[in-house]
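For reference, the structure discussed in these notes is given below.
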Amino acid sequence: MTNSFLIRFEPTGESFDVPYQQQTTIRDLIEYVCKSAATSNANSDDYCLTIDNNKELENNQTVYEARLNEPNRFVFLEIWLKDNFDFKQYAETKVLLKQWMSTIPETEMLTTRTTMKIGKKQKITTESKFNRWKQSAVTVVGGNGKGQELNQLNHPFGIFINKKNNIFIADCWNHRIIEWKYDTKEGQIIAGGNGKGTRMDQLNHPTDVIVDQQSHSIIIADHVNRRVIQWSNQKQQVLIENIDCARLATDKHGYLYVSDYKKNEVRRWKMGEYNNEGIVVAGGNKQGNQLNQLNSPTFIFVDEDQSVYVSDYANHRVMKWRKDTKEGRIVAGGNGQGRNRNQLHHPQGVTVDVFDRIYVADFGNDRVMRWCEGKEEGEIVVDENSKGNQLNYPRGLSFDNEGNLYVADCDNNRIQKFEII
Numbered sequence: 001m002t003n004s005f006l007i008r009f010e011p012t013g014e015s016f017d018v019p020y021q022q023q024t025t026i027r028d029l030i031e032y033v034c035k036s037a038a039t040s041n042a043n044s045d046d047y048c049l050t051i052d053n054n055k056e057l058e059n060n061q062t063v064y065e066a067r068l069n070e071p072n073r074f075v076f077l078e079i080w081l082k083d084n085f086d087f088k089q090y091a092e093t094k095v096l097l098k099q100w101m102s103t104i105p106e107t108e109m110l111t112t113r114t115t116m117k118i119g120k121k122q123k124i125t126t127e128s129k130f131n132r133w134k135q136s137a138v139t140v141v142g143g144n145g146k147g148q149e150l151n152q153l154n155h156p157f158g159i160f161i162n163k164k165n166n167i168f169i170a171d172c173w174n175h176r177i178i179e180w181k182y183d184t185k186e187g188q189i190i191a192g193g194n195g196k197g198t199r200m201d202q203l204n205h206p207t208d209v210i211v212d213q214q215s216h217s218i219i220i221a222d223h224v225n226r227r228v229i230q231w232s233n234q235k236q237q238v239l240i241e242n243i244d245c246a247r248l249a250t251d252k253h254g255y256l257y258v259s260d261y262k263k264n265e266v267r268r269w270k271m272g273e274y275n276n277e278g279i280v281v282a283g284g285n286k287q288g289n290q291l292n293q294l295n296s297p298t299f300i301f302v303d304e305d306q307s308v309y310v311s312d313y314a315n316h317r318v319m320k321w322r323k324d325t326k327e328g329r330i331v332a333g334g335n336g337q338g339r340n341r342n343q344l345h346h347p348q349g350v351t352v353d354v355f356d357r358i359y360v361a362d363f364g365n366d367r368v369m370r371w372c373e374g375k376e377e378g379e380i381v382v383d384e385n386s387k388g389n390q391l392n393y394p395r396g397l398s399f400d401n402e403g404n405l406y407v408a409d410c411d412n413n414r415i416q417k418f419e420i421i
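The sequence shown: position 238 = 238 (the UniProt record's numbering), numbered continuously.
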């Protein structure tokens, strides 16, 4: 029985060897290519997943929509493709899951643009193509100089992108949260914007924002006020007090994670249950550079397994802490401050794709790096030499549903979009 899937795309020759895990999902394997909405229905002993960009399914089917922020159906042992799979037109395709992967022959589906192979583990002979994003960015927010008008930003930090590709921005030095709807020329203030202060309707240097889809609210790291605060329809509630909050994250199980840059730790709370001190899930052993320590942690990302990735800012590394472990491991950097490909310079934004590749806003080097776990060096995704689109102290990172990369270009007071190729 194989322990991995191989996905190979032609004509680029790009290959991905995806390890089999209990948490591997159909979407992990397919959505990267098709970029379409994924729906599925149960069908007797087989499990059928239908890819249909228009969601026009047959009548009388029980539909499960695999949203990005919800649990997805799992691939257990076997997968192959049936019928025509047209990546360009997102033709409806059925994927059947059977009992034993060892019985499935390798298949190759040809289309006008690409070949996809899914089957038994093979040796990968072609390295992943490095440049999959246009190096010429599009400014989608700001770019009109530093200021407090609705078409301006003043040192954006964390960003959050929802399903509609609306961008939520912690506009730090304007002490406000801005929502910038897709393809518009200016944003709207949805929190703060009443000057710097401690009142409930004020913020003081907010550094991160996330959207709670269930409560239709936003949660903010109100940095200088040392509180995590929730805004909903202009109503405010302090969730966590007396915390030197740096950044925020949530997981699919309904937990909120907060990095504390002074205590050098990350804590976790069950959302809605904040009348406790939370649980330390990374660091918490004073400032230091050992594997059980952090030094001024900033951005965090939590994966499907509740592993926590931490930008360990002053240690120039990214750490991964698996659930219920006492120490982390270095997954990016960790070789001192520098700009070699095995180094980082005060890392900030961090996110992880469905293939466990780690993307880091390399703040002091004005670039975005990608690291594959276990590799000694990273790849430069976007750097300061990108023609006409230099970054100046990048902070927040995020992807949209189509795989386009967004960067909070902090000192240029804008959000840059690097379109996937």
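All C-beta atoms in this analysis are idealised placements derived from N, C-alpha and C, irrespective of residue type, glycine included.
For clarity, every value in this text was computed on a predicted model and none was experimentally measured.
Provide the residue span of the beta strand (DSSP E) that contains ARG317, from first to last.
-> By one-based count along the sequence shown, residue 317 stands at place 317. Element bounds for ARG317: 317-321.
For ASP366 and GLN390, believed in contact at Cβ under 8 Å, the rounded distance = Position 390 of the sequence shown, counting from 1, holds the residue named residue 390. Position 366 of the sequence shown, counting from 1, holds the residue named residue 366. Confirmed, Cβ separation roughly 7 Å.
Euclidean distance between Cα positions of LEU150 and GLY193 | In the sequence shown, counting from the first residue as 1, residue 150 sits at position 150. In the sequence shown, counting from the first residue as 1, residue 193 sits at position 193. Looking at the backbone, the Cα of LEU150 and that of GLY193 are separated by about 11 Å.
Contact belief for ILE420 with ASN401 at Cβ below 8 Å, rounded distance in angstroms = As a first step, residue 420 is located in the sequence shown; it is residue number 420 there, counting from the start. As a first step, residue 401 is located in the sequence shown; it is residue number 401 there, counting from the start. About 11 Å; that fails the 8 Å criterion.
Who are ARG227's beta bridge partners in DSSP?
-> Position 227 of the sequence shown, counting from 1, holds the residue named residue 227. ASP222, GLU241.
Within the chosen definition, does the segment 222-242 reach the segment 290-300 through at least 3 CB pairs nearer than 8 Å?
-> As far as the Cβ criterion goes, the segment 222-242 does not touch the segment 290-300, which means the pair count is below three.
Over what stretch of residues does the beta strand (DSSP E) that includes LYS252 continue unbroken?
-> In the sequence shown, counting from the first residue as 1, residue 252 sits at position 252. Counting along the chain, LYS252 falls outside any beta strand (DSSP E), and DSSP gives it neither H nor E.
Could you tell me the distance, in whole angstroms, from the CA atom of THR112 to the CA atom of GLN348?
-> Here residue 112 refers to the residue found at position 112 when the sequence shown is read from its first residue. Here residue 348 refers to the residue found at position 348 when the sequence shown is read from its first residue. Because the pLDDT of THR112 is 21, which lies under 50, any placement of that residue in the model is unreliable, and the number read from its coordinates should be weighed accordingly. Answer to the nearest angstrom: the Cα atoms are 40 Å apart.
What three-state label does DSSP hand PHE399 in the structure shown?
-> Taking the first residue of the sequence shown as position 1, residue 399 is located at position 399. PHE399 falls in the strand class under three-state DSSP.
Going by beta carbon distance, what residues of the same chain come within less than 7 Å of TYR255, once the five residues before and after it are set aside?
-> Here residue 255 corresponds to residue number 255 of the sequence shown, with the count starting at 1. ARG268, TRP269, LYS270, MET271.
DSSP on GLY338, reduced to helix/strand/coil?
-> The sequence position of residue 338 within the sequence shown is 338, counting from 1. It is coil, neither helix nor strand.
CA-to-CA distance, TYR257 to THR250, given in whole angstroms | Position 250 of the sequence shown, counting from 1, holds the residue named residue 250. Position 257 of the sequence shown, counting from 1, holds the residue named residue 257. So the alpha carbons of these two residues sit roughly 6 Å apart.
Does the distance from the CB of TYR261 to the CB of ALA246 come in under 8 Å?
-> Here residue 261 is taken as the residue at index 261 of the sequence shown, counted from 1. Here residue 246 is taken as the residue at index 246 of the sequence shown, counted from 1. Closer than 8 Å, so yes.
Going by Cα to Cα distance, which pick from PRO156, GLN148, LEU153, TYR182 is closest to residue 424?
-> Outside the shown range of the chain (1 to 421) lies residue 424, about which nothing can therefore be said.
When the Cα atoms are used, what is the spatial distance from TRP371 to GLN306?
-> Numbered from its first residue, the sequence shown carries residue 371 at position 371. Numbered from its first residue, the sequence shown carries residue 306 at position 306. Rounded to whole angstroms, TRP371 to GLN306 spans 19 Å at the Cα level.
Proximity to ILE220 [Cα-Cα], best of ALA191, GLN234, ARG199, ARG414 = The residue you call residue 220 lines up with position 220 of the sequence shown. Closest option to ILE220, Cα to Cα, is ALA191.
Buried versus exposed call for GLN230 [16 or more other C-beta atoms within 10 Å across all chains shown] = Numbered from its first residue, the sequence shown carries residue 230 at position 230. With a 10 Å radius around the Cβ and a threshold of 16 neighbouring Cβ atoms, GLN230 comes out buried.
Name the DSSP bridge partner or partners of ASP208?
-> Here the question's residue 208 lines up with position 208 in the sequence shown. Secondary-structure assignment with DSSP links ASP208 through a beta bridge to ALA221.
Span separating the alpha-carbon of TYR406 from that of SER311 | For the purposes of this step, residue 406 is identified with residue 406 of the sequence shown, where counting begins at 1. For the purposes of this step, residue 311 is identified with residue 311 of the sequence shown, where counting begins at 1. Rounded to the nearest angstrom, the two C-alpha atoms are 18 Å apart.
Does the distance from the C-beta atom of TYR309 to that of ILE358 stay below 8 Å?
-> One-based indexing of the sequence shown puts residue 309 at position 309. One-based indexing of the sequence shown puts residue 358 at position 358. Against a cut-off of 8 Å, the Cβ pair of ILE358 and TYR309 comes out as a contact.
Leaving out five residues on either side along the sequence, give the residues of the same chain with a beta carbon under 6 Å from the beta carbon of ASP383.
-> One-based indexing of the sequence shown puts residue 383 at position 383. Hits under 6 Å: ARG367.
Paired residues, beta bridge with LEU203 - DSSP | Working through the sequence shown from its first residue, we reach residue 203 at position 203. Answer is LYS196.
Rounded separation between GLN214 and SER232 - CA only = On the sequence shown, residue 214 is found 214 positions in, with the first residue counted as 1. On the sequence shown, residue 232 is found 232 positions in, with the first residue counted as 1. Cα-Cα distance, rounded: 12 Å.
Determine the direct distance from the alpha carbon of LYS235 to that of ARG341, and round the result to whole angstroms.
-> Counted from its first residue, the sequence shown places residue 341 at position 341. Counted from its first residue, the sequence shown places residue 235 at position 235. Cα to Cα, ARG341 sits roughly 46 Å from LYS235.
Using alpha carbons as the reference points, say which of LYS326, HIS316, LYS185 lies closest to GLN343.
-> Within the sequence shown, the letter at position 343 stands for residue 343. Nearest C-alpha to GLN343: HIS316.
What is the DSSP secondary structure of GLY284, reduced to helix, strand or coil?
-> Translated into positions along the sequence shown, residue 284 becomes position 284. Here GLY284 sits in coil by DSSP.
Three-way DSSP call (helix, strand, coil) for residue 463 in this model | Residue 463 lies beyond the residue range present for the chain, which begins at 1 and ends at 421; the question has no answer from this structure.
Report the rounded CA-to-CA distance for ALA170 versus GLU179, giving the unit in angstroms.
-> For the purposes of this step, residue 170 is taken as the residue at position 170 of the sequence shown. For the purposes of this step, residue 179 is taken as the residue at position 179 of the sequence shown. GLU179 has its alpha-carbon roughly 9 Å from the corresponding atom of ALA170.
Run of the beta strand (DSSP E) containing SER311, from where it starts to where it stops | For the purposes of this step, residue 311 is taken as residue 311 along the sequence shown, with counting starting at 1. Here the beta strand (DSSP E) through SER311 covers 308-312.
Give the straight-line distance between the Cα atoms of GLY143 and PHE168, rounded to the nearest whole angstrom.
-> For this step, residue 143 is matched to residue 143 along the sequence shown. For this step, residue 168 is matched to residue 168 along the sequence shown. As the crow flies, the alpha-carbon of GLY143 is around 16 Å from that of PHE168.
With a 10 Å radius around its C-beta and 16 neighbouring C-beta atoms as the bar for buried, classify ARG414 as buried or exposed.
-> Counting from one through the sequence shown, the residue named residue 414 turns up at place 414. Around the beta carbon of ARG414, a 10 Å sphere encloses 16 or more other beta carbons of the protein chains shown; the residue is thus reported as buried.
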